[in-house]
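Peer 1: In this note's numbering, the protein residues as written are 8 to 211. For each residue, glycine too, the CB sits at the ideal point set by N, CA and C.
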Amino acid sequence: MIEIIAMLSMLIDHIGVVFFPDDPFFRILGRLAFPLYAWGIVQGYFYTRNIKNYQKRLLWLAVLSQIPFMFLSLFRLNVIFTFLLCILILKILDSDYREKYSLIIIIALFTQFFSDYGAYAILLVLIFKFFKGYSILAAHLCLDLFYLVMFGWWLQPFSVIATLIILNRDKLKKIKVNRLFYRSFYPAHLALLVLIQLFFKGGL
């Protein structure tokens with residue numbers, strides 16, 4: 008069920024970005040998507056049988072998504088690249104590399120300036136890695152309030168609803184989602200939105 012909520016929320020969010028940029032309703036509903044995907048990335052990091060294959064799959068999806076992403080957004084790396092950088096940070100944290108914190112700072116700066124969601128993504132992924140139970144909710148809320156006060160991200164506090172869903176996931180109906188469909192949904196829906204946008208603008 009979490010996968011379905013994440014996909015629907017992301018689709019609604021991006022429909023709002025492309026076709027209804029002045030209507031915050033779409034963006035509010037869309038705030039659920041990112042935390043759900045971020046949590047999924049951390050779960051994948053913990054439980055995948057082969058982390059290298061996991062990273063390769065994400066890299067292919069990131070590359071496939073980049074062109075439609077650039078049509079719809081600014082010239083920066085899409086969120087799957089961001090998640091790849093987050094996984095790299097998790098691997099470094101769990102390693103014995105001596106200069107790991109210096110390397111993490113460099114990766115975090117790169118993410119902040121060149122990748123979607125920036126340092127916010129890293130911080131949320133770290134929250135999902137290190138916090139347990141309802142302390143996750145408290146940490147997530149603090150993060151969103153910080154970004155609200157410091158950067159004016161007034162929509163972001165709505166994203167804590169996603170963490171509530173995660174914490175109560177055992178109460179949700181169990182629905183299996185085809186893995187290929189779930190993995191390909193991000194690039195596929197971006198490409199579809201680009202085609203629809205071009206059609207209405209007379210580009211097709």
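Taking contact to mean 3 or more Cβ pairs, one atom from each stretch, closer than 8 Å, check whether the region 116-135 and the region 80-99 are in contact.
Peer 2: Yes, the region 116-135 is in contact with the region 80-99.
Peer 1: For the 8 Å Cβ check, are there 3 or more pairs between the region 164-178 and the region 135-151?
Peer 2: The answer is yes - the region 135-151 touches the region 164-178, with three or more Cβ pairs under 8 Å.
Peer 1: Within a Cβ cutoff of 8 Å, which residues of the same chain sit near residue 117, ignoring the five residues on either side of it in sequence?
Peer 2: To locate residue 117, count along the sequence shown from 1; it is residue 110. Excluding positions up to five away in sequence, the list reads 92.
Peer 1: By Cβ distance below 8 Å, which residues in the same chain neighbour residue 65 in space, the five residues on each side in sequence not counted?
Peer 2: Start at 1 with the first residue of the sequence shown, and residue 65 comes out as number 58. Closer than 8 Å at Cβ, skipping near neighbours: 87, 90, 91, 94.
Peer 1: Name the one or two DSSP bridge partners that residue 80 has.
Peer 2: To locate residue 80, count along the sequence shown from 1; it is residue 73. In the DSSP output, where bridge partners are listed per residue, residue 80 has none listed.
Peer 1: Grouping DSSP H, G and I as helix and E and B as strand, with all else coil, what is residue 102?
Peer 2: Working through the sequence shown from its first residue, we reach residue 102 at position 95. Residue 102 falls in the coil class under three-state DSSP.
Peer 1: Given this structure, state the Cα-to-Cα distance separating residue 29 from residue 46, to the nearest angstrom.
Peer 2: Against the sequence shown, residue 29 aligns to sequence position 22. Against the sequence shown, residue 46 aligns to sequence position 39. Using only the alpha carbons, I get a separation of about 29 Å.
Peer 1: What residues are listed by DSSP as bridge partners for residue 219?
Peer 2: As shown, the chain starts at 8 and ends at 211. That puts residue 219 outside it, with no answer to give.
Peer 1: With 16 as the cutoff for other CB atoms within 10 Å, does residue 96 come out buried or exposed?
Peer 2: Looking up residue 96 in the sequence shown gives position 89. It counts as buried.
Peer 1: Count the other C-beta atoms from every protein chain shown that fall within 10 angstroms of the C-beta of residue 36, then say buried if there are 16 or more, exposed otherwise.
Peer 2: For the purposes of this step, residue 36 is taken as the residue at position 29 of the sequence shown. Per the 10 Å Cβ criterion, buried.
Peer 1: Would you grab the beta carbon distance between residue 44 and residue 13 for me? Rounded to a whole angstrom, and I think it's under 8 Å.
Peer 2: Reading the sequence shown from its first residue, position 37 is the one you call residue 44. Reading the sequence shown from its first residue, position 6 is the one you call residue 13. The Cβ separation is near 6 Å, so the contact holds.
Peer 1: The alpha helix (DSSP H) with residue 192 in it runs from where to where?
Peer 2: The count along the sequence shown starts at 1 and reaches residue 192 at position 185. It spans 186-207 - the alpha helix (DSSP H) in which residue 192 sits, taken as one unbroken run.
Peer 1: Checking 8 Å against the spacing of the C-beta atoms, do residue 174 and residue 141 come in under that value?
Peer 2: To locate residue 174, count along the sequence shown from 1; it is residue 167. To locate residue 141, count along the sequence shown from 1; it is residue 134. In contact: residue 174 and residue 141 (Cβ atoms closer than 8 Å).
Peer 1: Name the two residues that bound the continuous alpha helix (DSSP H) containing residue 50.
Peer 2: Residue numbering aside, residue 50 sits at position 43 when the sequence shown is read from its first letter. Unbroken alpha helix (DSSP H) run through residue 50: 40-54.
Peer 1: Can you tell me whether residue 32 is buried or exposed? The criterion is at least 16 other CB atoms within 10 Å of its CB, across all chains shown.
Peer 2: For the purposes of this step, residue 32 is taken as residue 25 along the sequence shown, with counting starting at 1. Residue 32 should be labelled exposed.
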